[in-house]
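Protein chains in written order, with my numbering: chain A, -4 to 174; chain B, 692 to 876. The beta-carbon is built from N, C-alpha and C at its ideal position, and this holds for glycine as well. Have a look at the structure below, then the notes.
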Amino acid sequence: MIYLQLFWAYLKIGIFGFGGGYAMLSMIQFEIVDHYGWMTVEEFADMVALSQMTPGPVSINIATYIGYTVGGIFGSLVATAAIVLPSLLMLYLVLKFLFKHKENYIVKTTLASMKPVIAGLIFVAALMMMNPVSFADAGLHGNNISVIICAVTFACMFWTKINPILLIIASGLVGYLVY
Amino acid sequence: MKIVFQLFLTFFNIGAFTLGGGYAMLEMIERAVVEKRHWIEKDEFWDMITIVQMLPGVFAVNTALYTGYKIKGIRGAIAACLGAIIPSIVIILLIAVFFLDYKTNPVIESIFRGIRPCVVALILSPSVKMFINAKVNWKTAIFPIATVCLIYFFHVSPVYIIIATIAGSIGFAFYSQNRLKKSKS
C-alpha cells in the first residue's frame, strides 16, 4: 500500500514537474510534506540540503531519500522508477515525432524561438545560487575567496578544455585549506 | 552492445561526479557527449537542451534519455538513464542506511564552502553559451530578461513561463511561415 502511494506521488511529480530541479522542489514538498505528511518541513529542508551536497541530479537524490525513509530500499527504488517513467514515455513520443520532422520549418522556428527563454531559465538557476550561502566571505570586509573561485572556474570552463570534475575537486581542496 | 555500455558509463561518470544538480551537469554533458564522443553536433546539443527543458521530469535524466535514444534507440535511452541515476541511488542509500553524519561534518562543510561558488560558475557557463547559441540580440533580449525578472523578482512559477513559451513559439512559427508564403506569392 505504501509502495503504491509512493509510486503514485512520484508519478505525479514526474508528469507535472516542469522546469527542472528547483522548480520541482515546491511540487515535491507539496506531495511529501503537505499531502502525505511523510516528513516535516524541517526534515524536508535538511534533506534538500543533503541532496544538493551529494553528487547526481537533486530530484533523484530526493526521490531515493524519501523512498528509503518511507519504504526502505524497495521504497527508494519505487520512488526513483516512478519519477523517471513518465519522462521515458514522453521523450519517446516527442523524440519520435521530432526526429521525423527535424527539417520542418515550424519545428525549427519553434525551437529557435524558445532558446532565448531557456537561456534566461538557466541563468536564473545560477542567480539563485549566488546567495550568502555560496559567497559567505564576499564583500568589502571579506577576503572574497569564494568570488575568486567562482571567477577562475568560470574562466577555465569558458575558455579552456579543463575537465569540470577537476575544477570541482580543486575548489573543494581550496575550501578545505582556506576555511 | 559496446555503444550501449559506453552510454551507460559516460552518464554514470557524470552522475557520480557532478555536484550541484542538473544544470551544473550541463557543462560535463556537453564535453562528454559533444566534444569527446561526438555523439551529438554542437548545434543539436543546444536544441536538445531546449527540448528537454520544455518537457516535464528530471533535467539530467531527460538529457540522458535524449542522448541514449538518439544513439541507440530505446536500449540506449535506458542504459544512459540508468547510468545517470545509479550513482545517486547508491550514494544516498549509503548515507541513509548507515546514518552517515555527512551534512554537519566540519571537514565536509569547509570543502563545500569551496565547491558552492564553483557550482555557480558551473551553471553560469552553460547559460552564457546558451545565450550565444540562441543568437540573442537587442530585440530578443527582452525574453531572457523578462524570464529572469518574473522568476527571480516576482517569484512566478517557471511552469507558467514554459507553457507561455511553448504556445508563443509555436504561434510565432506559424505566423512567420504565413508571412514567408505571402511574400513569396
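Burial state of residue i, where buried means 16 or more other Cβ atoms lie within 10 Å
| i | result |
| --- | --- |
| residue 197/A | Given that chain A is displayed from residue -4 to residue 174, the structure contains no residue 197/A and the question cannot be resolved. |
| residue 718/B | buried |
| residue 716/B | buried |
| residue 130/A | buried |
| residue 876/B | exposed |
| residue 725/B | buried |
| residue 721/B | buried |
| residue 52/A | buried |
| residue 817/B | buried |
| residue 824/B | buried |
| residue 874/B | exposed |
| residue 792/B | exposed |
| residue 788/B | exposed |
| residue 790/B | exposed |
| residue 42/A | buried |
| residue 692/B | exposed |
| residue 126/A | exposed |
| residue 795/B | exposed |
| residue 767/B | buried |
Option nearest residue i by Cα separation, candidates the options
| i | options | result |
| --- | --- | --- |
| residue 860/B | 36/A, 153/A, 132/A and 106/A | 106/A |
| residue 97/A | 854/B, 855/B, 692/B and 734/B | 734/B |
| residue 868/B | 103/A, 159/A and 158/A | 103/A |
| residue 99/A | 846/B, 755/B, 864/B and 721/B | 864/B |
| residue -1/A | 10/A, 114/A, 126/A and 77/A | 77/A |
| residue 83/A | 155/A, 10/A and 32/A | 10/A |
| residue 114/A | 839/B, 786/B, 858/B and 783/B | 839/B |
| residue 820/B | 124/A, 134/A and 154/A | 154/A |
| residue 21/A | 731/B, 847/B, 862/B and 873/B | 847/B |
| residue 6/A | 112/A, -3/A, 151/A and 80/A | 80/A |
| residue 120/A | 736/B, 771/B, 849/B and 692/B | 849/B |
| residue 67/A | 162/A, 101/A, 156/A and -3/A | -3/A |
| residue 19/A | 826/B, 703/B and 748/B | 748/B |
| residue 835/B | 93/A, 109/A and 146/A | 109/A |
| residue 69/A | 117/A, 1/A, 45/A and 94/A | 1/A |
| residue 44/A | 862/B, 756/B, 784/B and 711/B | 711/B |
| residue 702/B | 741/B, 757/B, 738/B and 743/B | 757/B |
Beta carbon proximity, residue i to chain A, threshold 9 Å
| i | result |
| --- | --- |
| residue 724/B | no |
| residue 875/B | no |
| residue 695/B | no |
| residue 737/B | yes |
| residue 864/B | yes |
| residue 763/B | no |
| residue 711/B | yes |
| residue 766/B | no |
| residue 699/B | no |
| residue 770/B | no |
| residue 870/B | no |
| residue 821/B | yes |
Below-9 Å beta-carbon distance, residue i vs any chain B residue
| i | result |
| --- | --- |
| residue 95/A | no |
| residue 78/A | yes |
| residue 12/A | yes |
| residue 36/A | no |
| residue 24/A | no |
| residue 155/A | no |
| residue 174/A | yes |
| residue 100/A | yes |
| residue -3/A | no |
| residue 149/A | yes |
| residue 171/A | yes |
| residue 121/A | yes |
| residue 6/A | no |
| residue 114/A | yes |
| residue 27/A | no |
Proximity test, residue i beta-carbon vs the ligand PLP heavy atom, cut-off 8 Å
| i | result |
| --- | --- |
| residue 853/B | Within the structure as shown, the ligand PLP is missing, as the structure has no ligands at all. |
Neighbourhood of residue i by C-beta, 7 Å cutoff - its chain only, sequence neighbours within 5 removed
| i | result |
| --- | --- |
| residue 727/B | none |
| residue 174/A | none |
| residue 857/B | 745 |
| residue 751/B | 713, 716 and 775 |
| residue 141/A | 129, 130, 131, 132 and 133 |
Same chain, Cβ closer than 8 Å to residue i, neighbours up to 5 away in sequence not counted
| i | result |
| --- | --- |
| residue 3/A | 77 |
| residue 49/A | 56 |
| residue 59/A | 71, 74 and 75 |
| residue 88/A | none |
Test: residue i CB closer than 9 Å to a CB of chain E
| i | result |
| --- | --- |
| residue 732/B | Here chain E cannot be found, since the structure's protein chains are A and B. |
Sequence-distant residues of the same chain with beta carbon closer than 6 Å to residue i, five excluded per side
| i | result |
| --- | --- |
| residue 33/A | 27 and 65 |
| residue 138/A | 132 |
>> Does the segment 37 to 45 of chain A come into contact with the segment 692 to 704 of chain B, if we say contact requires no fewer than three beta-carbon pairs (one atom in each stretch) closer than 8 Å?
In response: With a cut-off of 8 Å, the segment 692 to 704 of chain B and the segment 37 to 45 of chain A do not count as touching, because too few Cβ pairs lie within range.
>> Using a Cβ distance threshold of 8 Å, determine whether the segment 117 to 131 of chain A contacts the segment 793 to 810 of chain B, with at least three qualifying pairs required.
In response: Counting C-beta pairs closer than 8 Å gives three or more between the segment 117 to 131 of chain A and the segment 793 to 810 of chain B, which meets the contact rule.
> With a cut-off of 8 Å, do at least 3 Cβ pairs link the segment 163 to 171 of chain A to the segment 755 to 771 of chain B?
Replying inline: Result no; under three Cβ-Cβ pairs closer than 8 Å.
> Three or more beta-carbon pairs under 8 Å between the segment 789 to 800 of chain B and the segment 67 to 78 of chain A, yes or no?
Replying inline: No, the segment 789 to 800 of chain B does not touch the segment 67 to 78 of chain A.
> Does the segment 767 to 786 of chain B touch the segment 702 to 711 of chain B, meaning 3 or more C-beta pairs lie closer than 8 Å?
Replying inline: Here the segment 702 to 711 of chain B makes contact with the segment 767 to 786 of chain B; the two share three or more CB pairs at distances below 8 Å.
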